[in-house]
């Protein structure tokens, strides 16, 4: 009799649990920064800006890669997602294609550059469409911040790519980068700095303007799979933190900007094409970098 009562009690509890509304899960906040040079099939300026004859098609590929990451994150439990359009004019993503509960950052200038809007409330950062640095011997369209102006960027003497720079900003807030997509050179470069993150290799670099590439459909599937894999083992990833105060070096292709910046006491001229400055943290370093590499009179109203 006692055994029968025990079973009845267990069944009653199970029924009550089934009838009760599900408990609210833990919030999962994900940041997605999106560039374009690392997007599937992208190889030349024909795909990268409004003047290119393939740009309209490739901005849709860029959007769909970002959307693959967003949908995979949502399926993995993400409750809030912020997407940063971080290529060119910052007006590339087709925002009408995103779910209504996703927010998108567009255009410039903005604090933290490619990582605008990121803060300590996020649980993970994802990079989509990233490329290798200007110092990399491989990589499709490899550059750092400005292909026309910059030859090198270093943090505390260590040369970094845009991916590593962004990871350091995320690390300032205690947020780990957990996944990226791009070509093989870009992935290897970021992993060498931040660790063995999940990665979707959308293409293999053959030269600065050539690649062996996946098809768009294959790229979307791979990105979704890698995002899910990353968020399934979120606890395995650690934020990439750099030691403060920081020593930042920026090499310019042209002589005059370095000469003029050296007139200001905060900048040291390392050589004919390189300046160095100190920053208390990555946020200050980012603001200074954004100003000295991006400001022009056309920004004035």
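Residue numbers (my numbering): 143 to 443.
All C-beta atoms in this analysis are idealised placements derived from N, C-alpha and C, irrespective of residue type, glycine included.
Environment of residue i [buried if 16+ CB atoms lie within 10 Å]
i: residue 377; result: exposed
i: residue 325; result: buried
i: residue 372; result: buried
i: residue 351; result: exposed
i: residue 234; result: buried
i: residue 201; result: buried
i: residue 165; result: Because the pLDDT at residue 165 is just 37, under 50, the model does not fix this residue reliably, and the value given afterwards should be weighed accordingly. Looking at its Cβ environment, which holds fewer than 16 other Cβ atoms inside 10 Å, residue 165 is exposed.
i: residue 397; result: exposed
i: residue 432; result: buried
Residues bridged to residue i (per DSSP)
i: residue 445; result: The requested residue 445 is not part of the displayed model; the chain covers only 143 to 443.
i: residue 280; result: Answer is none; residue 280 lacks a bridge partner.
i: residue 353; result: 347
i: residue 322; result: 269 and 341
i: residue 392; result: 295 and 417
i: residue 245; result: 224
i: residue 300; result: 297
i: residue 409; result: 419
Among the options, nearest to residue i - alpha-carbon criterion
i: residue 294; options: 394, 349, 350 and 333; result: 394
i: residue 221; options: 266, 345, 400 and 190; result: 266
i: residue 241; options: 205, 336, 258 and 168; result: 205
i: residue 413; options: 283, 399, 169 and 177; result: 399
i: residue 245; options: 270, 422, 226 and 255; result: 226
i: residue 179; options: 355, 210, 334 and 238; result: 355
i: residue 108; options: 309, 317 and 315; result: Any question about residue 108 goes unanswered here, given that the chain covers just 143 to 443.
i: residue 305; options: 346, 314, 257 and 290; result: 257
Below-8 Å beta-carbon distance, residue i vs any chain B residue
i: residue 178; result: Of the protein chains in the structure, only one exists, and it is not chain B.
Expected contact under 8 Å - CB spacing of residue i and residue j to nearest Å
i: residue 418; j: residue 410; result: 4 Å
i: residue 323; j: residue 272; result: 7 Å
i: residue 173; j: residue 268; result: 7 Å
i: residue 336; j: residue 302; result: Rounded, the Cβ-Cβ distance is 10 Å, inconsistent with contact.
Residue i and residue j closer than 8 Å at C-beta
i: residue 260; j: residue 312; result: yes
i: residue 441; j: residue 420; result: no
i: residue 228; j: residue 177; result: yes
i: residue 353; j: residue 181; result: no
i: residue 327; j: residue 281; result: yes
i: residue 276; j: residue 286; result: yes
i: residue 428; j: residue 251; result: no
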